[in-house]
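Accompanying notes for the structure given below.
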Amino acid sequence: RKEVEQDPGPFNVPEGATVAFNCTYSNSASQSFFWYRQDCRKEPKLLMSVYSSGNEDGRFTAQLNRASQYISLLIRDSKLSDSATYLCVVKTTSGTYKYIFGTGTRLKVLA
Amino acid sequence: DAEITQSPRHKITETGRQVTLACHQTWNHNNMFWYRQDLGHGLRLIHYSYGVQDTNKGEVSDGYSVSRSNTEDLPLTLESAASSQTSVYFCASSEQIANTGELFFGEGSRLTVL
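Protein sequence lines, in the order shown, are assigned to chains A and B.
Numbering of the first sequence is given in this note's numbering, commencing with residue 1 and proceeding in unit increments.
Numbering of the second sequence is given in this note's numbering, commencing with residue 1 and proceeding in unit increments.
Next comes the structure, spelled out in structure tokens:
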């Protein structure tokens, strides 16, 4: 089983739609959680960190469920510019710390 | 502005050749990482370093080596390139903060081994 798992998609949604991605992780010692966005052939960039209480940044909402070991990303009112791959990243801090990446969920917003 | 740069951005080499990919960051971050990205696998950790003279193996370190002689640079060396090492390589750095610490990525180096 992979340490961080995501549905690869693609998710094809119309403009204005609401779309949600989930990500599960296996290491209960994981301490920090992030969503990164990666455009085609570009480097990943931080979209948002995920806090225990959940957090929102404009149209984006991230939530963490430690008991079930998953994080989610909700995108409201999708824009064409939201088309990208969304990477779930888990940082573990047991002993040394590492960033573990999911394989990504591809989103395509259609006009 | 602080940044992280990789070079070369594109390289084609032959099987058996030694290749070095450079990574330079100006954030003064202690932590630096090398990942490779392949279809179906996402980003996989090759080597990482928490400071000068510190290097550690990641999950796919075979065939790769790194050295950390200063804070700014973490070059990745393929001692004898193999076709299986054709990939996109990303260098990243982060501050040493226990429970936070955004990863900043370079633009990537696309390596083709023929």
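Just so you know, even glycine gets a beta-carbon here, dropped at the ideal spot from N, CA and C.
Any C-beta of chain A sitting closer than 8 angstroms to the C-beta of residue i?
i, result
"residue 51(B)", "no"
"residue 3(B)", "no"
"residue 41(B)", "yes"
"residue 103(B)", "yes"
"residue 21(B)", "no"
"residue 95(B)", "no"
"residue 16(B)", "no"
"residue 45(B)", "yes"
"residue 63(B)", "no"
"residue 107(B)", "yes"
Are the Cβ atoms of residue i and residue j separated by less than 8 angstroms?
i, j, result
"residue 81(B)", "residue 9(B)", "no"
"residue 24(A)", "residue 5(A)", "yes"
"residue 94(B)", "residue 29(B)", "yes"
"residue 78(B)", "residue 85(B)", "yes"
"residue 89(B)", "residue 101(B)", "no"
"residue 4(B)", "residue 91(B)", "yes"
Spatial neighbours of residue i within its chain, please: C-beta separation below 7 angstroms, excluding the five flanking residues on both sides.
i, result
"residue 59(A)", "75, 76, 77"
"residue 111(A)", "15, 80"
"residue 36(A)", "44, 45, 46, 47, 87, 89"
"residue 2(B)", "26, 27"
"residue 101(A)", "4, 87, 89"
"residue 72(B)", "24, 25, 26"
Suppose the cutoff is 6 angstroms on Cβ atoms and the five residues either side in sequence are ignored; what does the same chain contact list for residue i look like?
i, result
"residue 85(A)", "38, 104, 106"
"residue 10(A)", "106, 108"
"residue 43(B)", "35, 37"
"residue 57(A)", "48"
"residue 22(A)", "70, 72"
For residue i, which residues from the same chain have a beta carbon less than 8 angstroms from its beta carbon, with the 5 sequence-adjacent residues on both sides left out?
i, result
"residue 98(A)", "91, 92"
"residue 68(B)", "32, 49, 51, 52, 53, 54, 55, 74"
"residue 20(A)", "72, 73, 74, 75"
"residue 114(B)", "12, 13, 14, 15, 83"
If you draw a straight line from the C-alpha of residue i to the C-alpha of residue j, how long is it?
i, j, result
"residue 82(A)", "residue 108(A)", "8 angstroms"
"residue 103(B)", "residue 13(A)", "29 angstroms"
"residue 70(A)", "residue 28(A)", "10 angstroms"
"residue 25(B)", "residue 106(B)", "9 angstroms"
"residue 62(B)", "residue 6(B)", "21 angstroms"
"residue 48(A)", "residue 88(A)", "10 angstroms"
"residue 41(A)", "residue 87(B)", "12 angstroms"
"residue 58(B)", "residue 72(A)", "27 angstroms"
"residue 50(A)", "residue 32(A)", "7 angstroms"
"residue 66(B)", "residue 23(B)", "11 angstroms"
"residue 7(A)", "residue 41(B)", "13 angstroms"
"residue 30(A)", "residue 110(B)", "31 angstroms"
"residue 15(B)", "residue 83(B)", "6 angstroms"
"residue 53(A)", "residue 1(A)", "27 angstroms"
Would you say residue i reaches chain B, if we count a Cβ-Cβ gap shorter than 8 angstroms as a contact?
i, result
"residue 43(A)", "yes"
"residue 108(A)", "no"
"residue 98(A)", "yes"
"residue 104(A)", "yes"
"residue 21(A)", "no"
"residue 60(A)", "no"
"residue 186(A)", "With chain A running from 1 to 111 in the structure shown, residue 186(A) is simply not present."
"residue 101(A)", "yes"
Name the one or two DSSP bridge partners that residue i has.
i, result
"residue 25(B)", "4(B)"
"residue 42(B)", "38(B)"
"residue 51(B)", "54(B)"
"residue 13(B)", "113(B)"
"residue 56(A)", "61(A)"
"residue 5(A)", "24(A)"
"residue 108(A)", "12(A)"
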